[in-house]
Amino acid sequence: MVVLVIAPHPDDEIIGVGGTIAKRTANGDDVYVCIVTKGYAPLFDENFIMQGREECQEADRLLGVKETIFLDFPAVALETVPRYELNGCIRKVIQNIQPDEVYIPHRGDMQLDHQLVADAAMVALRPKYEHCVRRIYCYETLSETGWNIPNSVNEFIPTVYEDISGTIEKKLTAMHKFKSQTSDFPNARSIEAIKALANFRGATVTVNAAEAFSLIREIKR
3 MVVLVIAPHP DDEIIGVGGT IAKRTANGDD VYVCIVTKGY APLFDENFIM QGREECQEAD
63 RLLGVKETIF LDFPAVALET VPRYELNGCI RKVIQNIQPD EVYIPHRGDM QLDHQLVADA
123 AMVALRPKYE HCVRRIYCYE TLSETGWNIP NSVNEFIPTV YEDISGTIEK KLTAMHKFKS
183 QTSDFPNARS IEAIKALANF RGATVTVNAA EAFSLIREIK R
């Protein structure tokens, strides 16, 4: 099986899908990660940008990711990019990789980059192209998911739970690589918070640890 995780920023893929990535690669599946944005000066320091990219590559390698693709659209300024350009680049990645399974951010996240990436991904994932993806999930990202204005559209409603009891420690080890992104508990982007969410999602379905997803579309043949 071929899996693609589309992440607005470096570390989103670990927070939302890290345990599942490790599980898929351990099963012999090919997993690709597409990081959509990159920080640019003067909003971001050049050293900080390079550190985050190196941390991302190191964390993805640890989980067994086959390739990390960087699109380099401007972080926290994604709304300045023409929609056709963003849609087209993500579509190209999908058609080149031809994944069976795709994970995208939850559209109700507070960060606008997450919303725009979700929208662009869904345009690129329309089931009319040469390669049609079999399953599409959205994932939750601590510090973004659940922090938007509360309403039925923004709410993350999990429908699929992946048991990551065997890979939760690998996920946490990968997240430890992100020195530039993690903070001390009770910050949402802390190792303790990520583990607590995995334990909570696991308890929901009576396993030790889980990642929760919302199934957007599945095509059975």
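Residue numbers (this note's numbering): 3 to 223. No residue lacks a Cβ here, since even glycine has one placed at the ideal position from N, Cα and C. These numbers come from a predicted model, not from an experiment.
Quick check on Arg137: does DSSP put it in helix, strand or coil? strand
Just the Cα atoms here: how many angstroms apart are Cys140 and Ser167? 20 Å
With a CB to CB cut of under 6 Å and the five nearest residues on each side skipped, what residues in its chain are close to Pro76? Tyr42
Beta carbon of Val162, beta carbon of Phe202: below 8 Å? no
Please confirm if the stretch 90 to 103 is in contact with the stretch 114 to 126, defined as three or more CB-CB distances below 8 Å between the two stretches. yes
Option nearest Gly66 by Cα separation, candidates Met52, Leu73 and Cys58: Cys58
Reducing DSSP to helix, strand and coil, say where Tyr42 ends up. coil
Give the secondary structure of Glu220 by DSSP, where H, G and I count as helix, E and B as strand, and everything else as coil. strand
By how many angstroms is the C-alpha of Glu213 removed from the C-alpha of Leu174? 13 Å
CA-to-CA distance, Ile8 to Arg137, given in whole angstroms: 14 Å
What did DSSP end up calling Glu194 once you bin it into helix, strand or coil? helix
What is the rounded straight-line gap between the Cα of Phe158 and the Cα of Leu217? 11 Å
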